[in-house]
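With this note's numbering, letter number 177 in the sequence shown gets 218, and the count goes up by one each step, no holes.
We treat Cβ as the ideally placed atom computed from N, Cα and C, and that holds for glycine.
None of these values were measured; they are calculated from a predicted model.
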Amino acid sequence: AFSDRRAPPHVDPIACISWYPTRYDANRLFGENNEGFRTFESGEDRKVAVMAVFAENDELSGATPEDAALLRSRLENDPRVVDFMVKVFPSQKHGFAHNHLGQPEEGSDDTERFVDEGFGSVDPLTTGGDAEVACLLSTAWMETYTRVFLPTVGSPVRDEVENSWSSTLETNFQAEQKGIREELEEAISTFEDVSPDLGRMSQSRSPLLDGEANEAYDRIEEEREKIKQEILTKYGISPDDDDETFNAKFAKAMADGALDRLLIDAYVDDSGDAYW
């Protein structure tokens, strides 16, 4: 033993993903003459689906484009590998899917604050969204090959012409992001500031309002309270009334149109809808 530390528990994966891998020997791990396990612990033949993500400008040993080509050739000839995908992202460096997190885009203007994950778009299109594409492909890969109740069917990804499985996901992702961004930019460019519509204010005083808005609200509420007291007095409506008596008095006030006075201008817009 190399140390007294306990070894990690044995794992029999049916699908796995590696992002810009290093410190491995593709010739020993995969291929016809691999030195890895040939069976699961249960004794069944080992079957696994492998996905690997590489960056075109990666210079670390094991993660270069040449390493990606070697890994692909070994996976092609490994009887244990039921399917595989080796994806090389052009013009990217090692760790591209993590390095940009939390960093603002150079030269971005103020509107870029509204084109991010919280507003339906993740990365500005100028970056290509490769980080998100890598996440999308990885998630789809695991969902495809770790199903328990419904078997995975269809042709393997390895047999798809020109990687149509991944390219279709990428195309749909980019189109969706572009559409969302264009909608947001159009909304920002055509935005017109308007004065607050006091007629649509909540019935409760808002702690966010101050000054003229709250003063207007107070005047409206004072007028409504005055009208309400006049109605209660005129129709003899009392908290002591039973349900039948109250309903009769309320119906009389409604039929006379007295309650319409409560819907003063501040609570009715041009459509006639009231805001309580």
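Problem - Proximity of Ala104 and Val127 at Cβ, strictly below 8 angstroms - result: Within the sequence shown, numbered from 1, the residue matching residue 104 stands at position 63. Within the sequence shown, numbered from 1, the residue matching residue 127 stands at position 86. No, the pair does not count as a contact, with Cβ atoms beyond the cut-off.
Handout entry: Under the three-state DSSP convention, the category Ile261 falls into
Key = By 1-based counting over the sequence shown, the position of residue 261 is 220. Note: Ile261 maps to helix in three-state DSSP.
Exercise for the section: Would you kindly check if the distance between the Cβ of Arg87 and the Cβ of Arg115 is under 8 angstroms? Expected result: Position 74 of the sequence shown, counted from the start, is the residue given in the question as residue 115. Position 46 of the sequence shown, counted from the start, is the residue given in the question as residue 87. Taking 8 angstroms as the Cβ cut-off, Arg115 and Arg87 do not qualify as a contacting pair.
Exercise for the section: Assign Gln133 to buried or exposed, taking buried as 16 or more other Cβ atoms, counted over all protein chains shown, within 10 Å of its Cβ. Expected result: Walking along the sequence shown from the start, residue 133 turns up at place 92. Result: buried.
Exercise for the section: Out of Ile229, Gly277, Ala109, His135, point me to the one whose CA is closest to Asn67's CA. Expected result: Residue 67 sits at position 26 when you count from the first residue of the sequence shown. The residue you asked about is not Asn; residue 67 is Ala in the sequence shown. The option with the nearest alpha carbon to Ala67 is Ala109.
Problem - Whole-Å CB distance - Asp53 paired with Glu100, under 8 angstroms assumed - result: In the sequence shown, counting from the first residue as 1, residue 53 sits at position 12. In the sequence shown, counting from the first residue as 1, residue 100 sits at position 59. Not quite, the Cβ-Cβ distance comes to about 34 angstroms (not below 8 angstroms), so this is no contact.
Handout entry: Spatial neighbours of Pro321 in its chain, beta-carbon cut-off 7 angstroms, leaving aside the 5 residues before and after
Key = Since the first residue shown for the chain is 42 and the last is 317, residue 321 is missing from the structure and cannot be characterised.
Practice task
Could you say which of His51, Asp45, Cys57, Arg46 lies nearest to Trp182 if we only look at CA atoms?
Solution key: One-based indexing of the sequence shown puts residue 182 at position 141. It is Cys57 whose Cα lies nearest to the Cα of Trp182.
Handout entry: Which listed residue (Ile229, Phe71, Glu117) has its alpha carbon closest to that of Val198
Key = The residue you call residue 198 lines up with position 157 of the sequence shown. Out of Ile229, Phe71, Glu117, Glu117 has the C-alpha closest to the C-alpha of Val198.
Problem - Rounded C-alpha distance that separates Asp164 from Glu173 - result: Numbered from 1 along the sequence shown, position 123 holds the residue referred to as residue 164. Numbered from 1 along the sequence shown, position 132 holds the residue referred to as residue 173. Note that Asp164 scores a pLDDT of 45, beneath 50, so its modelled location is shaky; the value from the coordinates is reported in the next line. About 8 angstroms.
Exercise for the section: Could you please give the first and the last residue of the uninterrupted beta strand (DSSP E) stretch that includes Ser59? Expected result: As a first step, residue 59 is located in the sequence shown; it is residue number 18 there, counting from the start. Run containing Ser59: 56 to 60, per the beta strand (DSSP E) assignment.
Handout entry: Enclosing beta strand (DSSP E) for Ala93 [first to last residue]
Key = Here residue 93 refers to the residue found at position 52 when the sequence shown is read from its first residue. Element bounds for Ala93: 89 to 96.
Handout entry: Simplified DSSP assignment, three categories, for Lys267
Key = Position 226 of the sequence shown, counting from 1, holds the residue named residue 267. Lys267 falls in the helix class under three-state DSSP.
Handout entry: Cα-Cα separation between Val123 and Asn140, rounded to whole angstroms
Key = Along the sequence shown, read from residue 1 onward, the residue named residue 123 stands at position 82. Along the sequence shown, read from residue 1 onward, the residue named residue 140 stands at position 99. Approximately 32 angstroms, taken between the alpha carbons.
Exercise for the section: Would you mind sorting Trp317 into buried or exposed? The rule is 16 or more other CB atoms within 10 Å of its CB. Expected result: Looking up residue 317 in the sequence shown gives position 276. Here the model assigns Trp317 a pLDDT of 39, short of 50, so the residue's position is not dependable and the matter cannot be decided.
Handout entry: Contact check, Ile55 vs Val91, beta carbons under 8 angstroms
Key = Position 14 of the sequence shown holds residue 55. Position 50 of the sequence shown holds residue 91. Taking 8 angstroms as the Cβ cut-off, Ile55 and Val91 do not qualify as a contacting pair.
Exercise for the section: Helix, strand or coil for Pro165, going by three-state DSSP, please let me know. Expected result: In the sequence shown, counting from the first residue as 1, residue 165 sits at position 124. Note that Pro165 has pLDDT 43, beneath the 50 cutoff, so the model's placement of it is unreliable and the number below is only indicative. Three-state result, Pro165: coil.
Exercise for the section: Report the rounded CA-to-CA distance for Gln270 versus Ala292, giving the unit in angstroms. Expected result: Your numbering for residue 270 matches position 229 in the sequence shown. Your numbering for residue 292 matches position 251 in the sequence shown. When rounded, the distance between both Cα atoms is 17 angstroms.
Practice task
Return the chain-ordered list of same chain residues with a C-beta closer than 6 angstroms to the C-beta of Asp306, the five sequence neighbours on each side being excluded.
Solution key: Translated into the one-based positions of the sequence shown, residue 306 becomes position 265. Here Asp306 scores only 46 on pLDDT, less than 50, and its place in the model is too uncertain to base an answer on.
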